[in-house]
Amino acid sequence: QVQLVESGGGLVQAGGSLRLSCAASGLTSSFYTMGWFRQAPGTERKFVAGITWRDGSTTYADSVKGRFIISRDNAKNEVYLHMNSLKPEDTGVYYCRLIAGQLRAVYWGQGTQVTVSS
């Protein structure tokens, strides 16, 4: 059974930093991409950052460019989101997403709360 377990969320003041981690387990097929999405109360889940597993190429939402960095550890099947210069509008539940296998199956983690106080 595939599991994605996020960690690292919490409460931080504006301007602070956090690092989120997502560990994937239970999957034998090849990873394609991993990414982070966030969902604020009353809004849709939105893309934050993504990384291609094979070559490490990255993409970011405009709102986080220059502040967030996504990285991966292929050996550990983990992806990270380094969040710097956090703003109150970065508050939300952050979800890890994995796309894997020839059929590009999509898996989600349970989410981790990030709260940025002003």
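Read left to right, the sequence shown gives residues -19 to 98 (my numbering).
Ideal Cβ placement from N, Cα and C applies to all residues, glycine included.
Taking the C-alpha atoms as reference points, what is the distance between Gly22 and Ser98?
20 Å
My guess is that Gly20 and Thr71 are in contact by the Cβ rule of under 8 Å, so how many angstroms apart are they, rounded?
Reading off the sequence, residue 20 comes out as Ala, not Gly. With a Cβ gap of about 6 Å, Ala20 and Thr71 count as contacting.
Thinking C-beta only, is Leu0 closer than 8 Å to Ala29?
no
Euclidean distance between Cα positions of Ile31 and Phe48:
12 Å
According to DSSP, is Asp35 part of a helix, a strand, or is it coil?
coil
Going by C-alpha to C-alpha distance, which of Ser37, Asn54, Asp53 and Arg18 sits closest to Gly77?
At residue 77 the sequence reads Arg, which differs from the Gly that was named. Measuring from the Cα of Arg77, the nearest candidate turns out to be Arg18.
Any idea if Val86 is buried or exposed, counting beta-carbon neighbours within 10 angstroms, 16 or more meaning buried?
exposed
For Gly6, which residues of its own chain have a beta-carbon under 8 Å away from its beta-carbon, when the five flanking residues on both sides are left out?
Gln(-19), Val(-18) and Gln(-17)
How close, in whole Å, do the beta carbons of Cys2 and Glu58 come, if the pair is a contact with beta carbons under 8 Å?
6 Å
For Asp53 and Arg34, I'd like the C-alpha separation in whole angstroms.
11 Å
Hey, Gly(-12) and Ser65: beta-carbon distance below 8 Å or not?
no
Span of the beta strand (DSSP E) holding Glu69?
Looking at the DSSP string, Glu69 is not in any beta strand (DSSP E), and its letter there is neither H nor E.
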